[in-house]
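Peer 1:
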């Protein structure tokens with residue numbers, strides 16, 4: 001007999017580390033969870049939805065920790081679960097989530113996984129892909145998730161204030177990466193992103209933003225600040241990825 005459907009550990013207040021992490025990346029995970037229904041309070045959902053949601057949460061956690069092998073393995077698990085449904089649009093969204101996490105770490109390489117599935121993406125995902133690519137203005141910006149929707153329409157000064165108010169740390173880092181990609185970055189933005197990554201213990205984005213700050217200090221001729229940032233980078237490098 002098939003076991004009864006279990007509630008999603010990500011959304012039921014589980015006590016294990018995995019359960020606490022599963023919904024922790026809310027700003028990005030919501031993009032997939034909304035489609036999967038893995039965090040709904042309605043009837044029990046199929047196992048594939050729970051497993052795909054948990055795998056994508058692990059993808060984001062590994063991405064932020066700088067664990068490439070773990071990220072790749074988790075994404076393969078998510079891909080296998082989604083492939084069982086034949087939902088090509090959902091697979092495009094999963095690829096987009098992965099690319100968004102890279103932008104948080106200032107990895108602006110082409111989002112090839114999403115591009116290969118662009119034909120199956122919905123309007124909201126197409127708008128988000130253009131936003132991540134640094135397009136300004138973003139077509140269909142009204143379809144972006146918050147806080148990105150508001151940020152896309154703001155002038156530089158207002159955008160910085162809105163970014164500080166963003167409640168989700170990962171959304172804040174993604175938005176900071178987009179602003180930098182659009183040429184709207186400055187030292188205050190880099191400091192905010194660095195502080196956000198440091199507070200969460202997210203190794204990969206922290207190293208990226210610290211390096212950016214160091215380069216900014218060097219260009220400004222501030223050798224003392226550049227040295228301080230170099231020491232921070234060296235300390236982070238002492239901590240192996242989780």
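Residue numbers (our numbering): 1 to 242.
Heads up, the beta-carbon is just placed ideally off N, CA and C, and yes, glycines get one too.
Only a predicted model underlies this, so the values are computations on that prediction, with no experimental measurement involved.
1) Can you list, in chain order, the residues of its chain with a C-beta nearer than 7 Å to that of residue 240? Leave out the 5 residues immediately preceding and following it.
2) From residue 185 to residue 85, what does the alpha carbon distance come to, in whole angstroms?
3) Measure how close the beta-carbons of residue 151 and residue 159 come, nearest whole angstrom, since I'm counting them as under 8 Å.
4) Can you name, in chain order, every residue of its own chain whose Cβ lies under 8 Å from the Cβ of residue 128, other than the five neighbours on each side?
5) Buried or exposed for residue 214, please, with buried defined as at least 16 other CB atoms from any protein chain shown within 10 angstroms of its CB.
6) I believe residue 167 touches residue 196 by the beta-carbon criterion, under 8 Å. Please report the beta-carbon distance rounded to the nearest angstrom.
7) Which whole runs of the alpha helix (DSSP H) in the stretch 103-128 are 4 residues long or more, in chain order?
8) Taking the straight line between their C-alpha atoms, what separation do you get for residue 110 and residue 103?
9) Do the stretch 112-132 and the stretch 86-95 touch if we need at least three Cβ pairs shorter than 8 Å?
10) Does any residue of chain C have a CB that is nearer than 7 Å to the CB of residue 174?
11) Looking at residue 201: is its Cβ nearer than 7 Å to the Cβ of residue 106?
12) By the DSSP assignment, the alpha helix (DSSP H) with residue 85 in it spans what residues?
Peer 2: Taking the coordinates as given:
1) Around residue 240: no qualifying Cβ.
2) Residue 185 and residue 85 have their C-alpha atoms spaced approximately 41 Å apart.
3) About 5 Å separates the two Cβ atoms, so the contact holds.
4) Around residue 128: 31, 96, 100, 143, 144, 145 and 148.
5) Around the beta carbon of residue 214, 16 or more other beta carbons sit within 10 angstroms, so the residue counts as buried.
6) Taking a contact as a CB-CB distance under 8 Å, the pair residue 167 and residue 196 does not count as one, their CB atoms being some 11 Å apart.
7) The alpha helix (DSSP H) runs lying completely inside the stretch 103-128 and spanning 4 residues or more are 112-115, given in chain order.
8) Using only the alpha carbons, I get a separation of about 10 Å.
9) At 8 Å Cβ cutoff, the stretches touch.
10) No chain C appears in this structure, which consists of one protein chain only.
11) Remark: C-beta atoms of residue 201 and residue 106 do not approach each other more closely than 7 Å.
12) Run containing residue 85: none; DSSP gives neither H nor E here.
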